[in-house]
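Residues 1 to 293 in the working numbering are what the sequence shown lists, from first letter to last.
Think of the CB as a built atom: it goes at the ideal place given N, C-alpha and C, for glycine as much as any other residue.
Data first, discussion second: the structure below is written as C-alpha cells.
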Amino acid sequence: MRETLTLREGYFEDPNAFRALADLLQDVFGIDIGLQSRFGGPDPSSMPFGYFDGAGRCVANFSVFSIPLFIKGRVVKAAGFQSGAVRPAFRGQGLYRDLMQRAFAWVDKQGFEAGFLLTGKPELYHDYGFRVVPQFCFCGEVTQAVPADAEAREIDLENQDDVALVLRILADREPVSRQLSVVRQSEMFLLNAALDPEIRLSYLPGFDAILAWKLRRGTLQMLDIVARQIPSMSEIRGALSVPHDRIEVFFPTDRLEWSGNTRPYDGSCALMVSGLQPSDIPTPSMLSPMADF
Numbered sequence: 001m002r003e004t005l006t007l008r009e010g011y012f013e014d015p016n017a018f019r020a021l022a023d024l025l026q027d028v029f030g031i032d033i034g035l036q037s038r039f040g041g042p043d044p045s046s047m048p049f050g051y052f053d054g055a056g057r058c059v060a061n062f063s064v065f066s067i068p069l070f071i072k073g074r075v076v077k078a079a080g081f082q083s084g085a086v087r088p089a090f091r092g093q094g095l096y097r098d099l100m101q102r103a104f105a106w107v108d109k110q111g112f113e114a115g116f117l118l119t120g121k122p123e124l125y126h127d128y129g130f131r132v133v134p135q136f137c138f139c140g141e142v143t144q145a146v147p148a149d150a151e152a153r154e155i156d157l158e159n160q161d162d163v164a165l166v167l168r169i170l171a172d173r174e175p176v177s178r179q180l181s182v183v184r185q186s187e188m189f190l191l192n193a194a195l196d197p198e199i200r201l202s203y204l205p206g207f208d209a210i211l212a213w214k215l216r217r218g219t220l221q222m223l224d225i226v227a228r229q230i231p232s233m234s235e236i237r238g239a240l241s242v243p244h245d246r247i248e249v250f251f252p253t254d255r256l257e258w259s260g261n262t263r264p265y266d267g268s269c270a271l272m273v274s275g276l277q278p279s280d281i282p283t284p285s286m287l288s289p290m291a292d293f
C-alpha cells in the first residue's frame with residue numbers, strides 16, 4: 001500500500017493539502033486546526049512532512065516549526081515537532097518512523113540547537129534522543145490587589161478587532177519568564193484559546209496586556225500573560241476583578257513579584273527535549289499551556 005502514496009514536504013502553500021492535514025488531525029485527534037484560518041493561517045515557519053493517497057487524503061504526517069525559547073536568560077533556537085498522526089488503515093507500514101526521521105534530519109541541517117515535543121507516549125521518542133522535562137505549576141494564596149485605573153475586558157475571538165489586538169501584543173511581547181518561555185509565538189496561543197472553551201482571554205488596558213486564564217472552583221488559573229512589560233501579580237489581580245481564593249500559575253513566576261508552592265504538573269502530555277539535557281532547563285518550571293503544540 002505504501003508504494004501508492006506520495007510524499008510531500010513543505011506543502012502548506014497548497015490550501016487543499018493543508019485542509020487534508022486538518023482532516024487527518026480532526027479524524028485522529030478531534031482537533032480542528034482549520035481554526036487557524038481565522039487568525040492568519042498556519043505558522044509560516046512550519047515544515048510539514050506527509051504522505052498522501054491518490055484521492056488527495058493526508059494519511060500520515062509529522063511537522064516541524066520554529067519555536068525560539070527563552071531558557072535561563074538566553075534565547076535558544078528550538079524546533080517544535082507537532083501534528084504527528086497516521087490513519088488507522090495505514091499504520092504498521094513504517095510511515096510515522098519515516099516521516100520522523102525526515103523531520104529530524106531537516107532540523108539538523110537547519111542548525112536548530114534543540115527540539116521539543118509534547119506526547120502522551122514518551123517511550124516512542126527515547127530512541128531518538130528525547131528525554132522528559134519535569135514540569136511544575138505554582139500554587140498559593142491570593143495577594144493584595146493593586147487598584148487598577150481601568151478594569152479588564154474579555155476578548156472575543158469572533159471579533160476581528162479583538163484578534164488584531166491580541167496579535168499586536170503577541171508580536172511585541174516580553175518573554176513571560178527568564179527561566180522558560182516562548183520568545184514569540186502567536187499561532188499556537190490563538191489556536192489553544194479557540195480550542196478550549198474554558199480558556200478566557202482578558203485585555204488589561206492599563207498594562208496593554210492579555211491574560212489567558214481559567215476559573216475552577218474558586219481558583220484563578222493563570223496560563224499566560226502577554227505584554228511588553230509583565231505586570232506584577234497584584235497588578236494583574238487588581239485589573240481582573242474576578243473573585244477567587246487561590247491562585248495557580250502555569251508558567252515560571254520570576255517576573256510576577258509573587259511565588260507559590262510548587263507541585264508536579266499532571267497534564268495529559270509530557271514535554272520532551274532533544275539536543276539539551278533536561279537538567280539544562282531550570283527546575284521548577286513549565287512551558288505555558290498557551291504554547292502547547
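May I ask you to verify whether the segment 238-248 touches the segment 136-146, counting CB pairs closer than 8 Å and requiring at least 3? With the cut-off at 8 Å, the segment 238-248 and the segment 136-146 touch.
Starting from Met100 and walking both ways along the alpha helix (DSSP H), at which residues does that stretch end? 95-110 is the extent of the alpha helix (DSSP H) around Met100.
With 16 other CB atoms within 10 Å as the buried threshold, where does Gly120 fall? The C-beta of Gly120 has fewer than 16 other C-beta atoms within 10 Å across all chains shown, which makes the residue exposed.
Identified DSSP bridge partners for Met290: Paired residue(s): none; Met290 is not in a bridge.
When Gly80, Tyr11, Val75 are compared against Gly56, the one with the closest alpha-carbon: Taking only the C-alpha atoms, the option nearest Gly56 is Tyr11.
Secondary structure at Pro88, three-state DSSP: helix, strand or coil? It is helical.
Determine, using beta-carbon pairs with one atom in the segment 96-114 and one in the segment 215-231, whether at least three such pairs fall under 8 Å. Short answer: they don't touch.
Leaving out five residues on either side along the sequence, give the residues of the same chain with a beta carbon under 8 Å from the beta carbon of Ala103. Same-chain partners within the cutoff: Met47, Phe49, Phe62, Ser63, Val64, Phe81.
Which two residues bound the contiguous alpha helix (DSSP H) that contains Gln160? From DSSP, the alpha helix (DSSP H) with Gln160 extends over 160-171.
Contact set for Leu21: own chain, Cβ-Cβ below 6 Å, skip 5 residues either direction: Here the set comprises Cys58, Asn61.
Tell me, please, which residues DSSP counts as bridged to Tyr51. The partner list for Tyr51 (beta bridge, DSSP) reads Leu7, Ala60.
When you compare only the Cα positions, how much space is there between Gly115 and Glu154? Gly115 and Glu154 have their C-alpha atoms some 35 Å from each other.
Which residue marks the beginning of the beta strand (DSSP E) containing Gln313, and which one marks its end? Residue 313 is absent from the model: the chain starts at 1 and stops at 293.
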